[in-house]
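In the order they appear, the protein sequences are chains A and B.
The first sequence begins at 254 in this note's numbering and counts up one residue at a time.
The second sequence begins at 8 in this note's numbering and counts up one residue at a time.
What follows is a set of notes on a single structure, which appears directly below.
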Amino acid sequence: MPGRSIREETASRGAGAHSRRNADIVEKAMFGIMRVCSFAVLVFLVLMLGYIFKEGISAISLNFLTEMPRNEMREGGILPAILGTFYLMLGASVISIPIGIITAIYLSEYASNPRVVKIIRLEINNLAGVPSVVFGLFGLGLFVVYLGFGVSILAGSLTLGILNLPVIIRSTEEALLTVPKTYREASLSLGATRWQTIYKIVLPNALPGILTGVMLSLGRAAGETAPIMFTAAAFYTPTLPHSIFSEVMALPYHIFVMATAGLYIDETRHIQYGTAIVLIMLVLLLNLAGLIARYRFRRRMKSSL
Amino acid sequence: MKKPVFPTGSILYDAILSRVFFVIGLSCLVLLLLIMLFLILEGLPIFRTVGVADFLFGTSWYPTYSPPQFGVAPLIIASLAVTLLASVIAVPLSLAVAVYLAELAHPAVKEIIKPIVEIIASIPSVVIGFFGMVVVAPFLQEHFDIDTGLNMINAALMLAFMAVPTIASISEDAISSVPTSLKEASYALGANRWQTIFHITVPASLSGIWTAIILGVSRVIGETMVVLMVAGGAGIIPKSIFDPIRPLTANIAAEMAEAAFHGDHYYALFAIAIILFAITMVFNLIADYLSNRYKFKEL
């Protein structure tokens, strides 16, 4: 009962074994509900992934991964979408990794004014909260139209790169924080400058943690659809992209358009499921790599303390 | 080898680098301001054609009619309704998961379940939308005798599923950070584990839990692909949870491609983005405020 204070609660419990038994029944029931809820979430995840794999696994073959689409995308592979997603991931990383890591280093190693740190951190949180479709509009307005990049790998990479900045900054900061202060002090006391300390001591120790963030951000860049819809993605390209100003097919956008547009939605279901499997596997592998890096990192940090 | 002008070990080099890093560190601030600037520049011109009140409270969204009608009330209501419904599902579910992970689960089990819950956060939204389209929609249509399974409840279910990892994981951190001494005091008074969780642990971590809920809800409002694919897309004010709807994000994504550059429709879509930006910004500010208050200091 939410209205009762703990004192009333204890007083009433003192009344006898009866209320204690009731309390224990309530406890059992609530714990049961929580176990069921947690279990339900896992079951839904397994059902979802399981169903997609069951329906799509027959579409997966070497040809599916390495061929161009044929016959108005009703047959053939998804090579251009895989390559497109790869280029966008790469482009986003080129933007977000250096800026993100440097921002994190500034925040955790250099910044001395707590007010400035607070403001920058607030902006990072706000940037992280901006809906992805708004990033898409921004990318369209600034990169595609105003800077004249057109719908292209470049415009999409820039948009995804900005979207990924907060992810990289946060995880890098977290990784930098886990490096013990004594390491820095030892280095500084030997006469090293702050930069030497960061470059030779702090960064190498934080590297696995930073890698975790990079992997997570790559996964995110691979899976985002709304930001690339107006900035990079094409329904179909007859050739592979040949410059950073080419528009590209991308895995998430391919799933979206195949499932919602065109004349052959039902006919191409297997391609949609197959593409979903490829995208899920890509994202899961990146996340798994990130998790493993984090796990080993934590263990090492623990043993070194 | 040529001797560099500024050896990397010099104090000057360090000072210069510190300035450079500061400037780069401001990039997030600059980007956020740029985003705001662009939304305002591209969104405000719509109010030359439509009044602010007519835009916000108009109930007809027919951007391609002549004359076009730009009333976003049905879209705003759709966004709020689907977010509310998703929250009603996601919040209790996530809190149950959070309490389970923080207080009940065996450490070894927690080591396995927590990463699995976090995997949900990494599944691309387009995949969840796709699942809603091809599996949940036909299921709803069949079992509830409705015209279309692409509707508000379907979108809310998918969104709730997506919000669980955010809410559960941040809440779990908050619940786990409650000092053991508080809980032990409760046990010493004779409270059982559930009473301690309900009266001590959860109230003590309430600010963290609220932060989690607000961040989760803010993600739900901004989520695009799921609502674009499974919400049904009808720009009407919903009367039941089985009605198809068209939330703000879905509307932008669905119409941007066909809106003529710098036409009224284009401006109107950017104005919708301003609304979305403002909503999520307010949510994030509240979350930030809450998470900075009442934080347990390390004991």
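We put the beta carbon where it would ideally sit given N, CA and C, even for glycine.
Computed from a prediction, not measured in an experiment: that's the story for all the values here.
Non-local beta-carbon contacts of residue 137(B) in its own chain, meaning distances under 8 Å to residues more than five positions away in sequence, involve 236 in chain order. Apart from the 5 residues on each side of it in sequence, residue 190(B) sits with its Cβ closer than 8 Å to the Cβ of 203, 207 and 208 in its chain, given in chain order. The beta-carbon of residue 231(B) is placed less than 8 Å from the nearest beta-carbon of chain A. In the structure shown, the three-state DSSP call for residue 498(A) is coil. Excluding sequence positions up to five before and after residue 145(B), its CB lies within less than 8 Å of the CB of 156, all in the same chain and listed in chain order. If you draw a 10 Å sphere on the C-beta of residue 505(A), you find 16 or more other C-beta atoms in it, and that means buried. Taking a C-beta distance under 8 Å as the contact criterion, residue 455(A) and residue 429(A) qualify as a contact pair. Neighbours of residue 280(A) in chain B, taken as residues at a C-beta separation under 7 Å, are given in chain order as 199, 200 and 201.
Using a Cβ distance threshold of 8 Å, residue 304(A) and residue 142(B) count as a contacting pair. Fewer than three pairs of CB atoms, one per stretch, sit closer than 8 Å, so the region 174-191 of chain B makes no contact with the region 249-268 of chain B.
For residue 423(A), the enclosing alpha helix (DSSP H) starts and ends at 406-430. Short of 7 Å from the beta carbon of residue 128(B), and not among the five residues preceding or following it, lie these beta carbons of its own chain, in chain order: 172 and 173. Contact of residue 430(A) with chain B is not assigned, every C-beta pair being separated by 8 Å or more. Apart from sequence neighbours up to five positions away, the residues of its chain that approach residue 280(B) with a beta-carbon distance below 7 Å are 46, 50 and 259, ordered along the chain. DSSP places residue 107(B) in the helix class (H, G or I) of the three-state scheme. Residue 283(B) sits close to residue 387(A), with the two beta carbons spaced by under 8 Å. Under the 8 Å criterion on CB atoms, residue 34(B) is classed as interfacial with respect to chain A. Interface criterion met: the Cβ of residue 49(B) is under 8 Å from a Cβ in chain A. Take residue 243(B), set aside five residues on each side of it, and the residues of its chain with a beta-carbon closer than 6 Å to its own are 81, in chain order. In the three-state DSSP reduction, residue 483(A) falls in the coil class, being neither helix nor strand. Closer than 8 Å at the C-beta level to chain A, one finds these residues of the region 265-293 of chain B: 268, 276, 277, 280, 283, 284, 287, 288, 290, 291 and 292. A Cβ-Cβ distance of about 30 Å is found for the pair residue 405(A) and residue 465(A), leaving them out of contact under the 8 Å criterion. For the 8 Å CB-CB criterion, residue 126(B) and residue 300(A) do not form a contact.
Nearest CB-CB separation between residue 129(B) and chain A: below the 8 Å threshold.
A Cβ of chain B is located within less than 8 Å of the beta carbon of residue 376(A). Residue pairing for residue 76(B): DSSP places it in a beta bridge opposite 69(B). Taking one beta carbon from each stretch, the region 102-111 of chain B and the region 281-297 of chain A have 3 or more pairs nearer than 8 Å; the two touch.
For residue 328(A), the secondary structure class from DSSP, reduced to helix, strand or coil, is strand. For the region 465-494 of chain A, the residues whose beta carbon sits under 8 Å from a beta carbon of chain B are, in order, 469, 472, 473, 475, 476, 477, 478, 479, 482 and 483.
Just so you know, the alpha carbons of residue 343(A) and residue 117(B) end up roughly 34 Å apart.
For the 8 Å CB-CB criterion, residue 468(A) and residue 543(A) form a contact. Take residue 422(A), set aside five residues on each side of it, and the residues of its chain with a beta-carbon closer than 6 Å to its own are 353, 356, 357 and 377, in chain order. Listed in chain order, the beta strand (DSSP E) elements of length 3 or more contained wholly in the region 164-240 of chain B amount to none.
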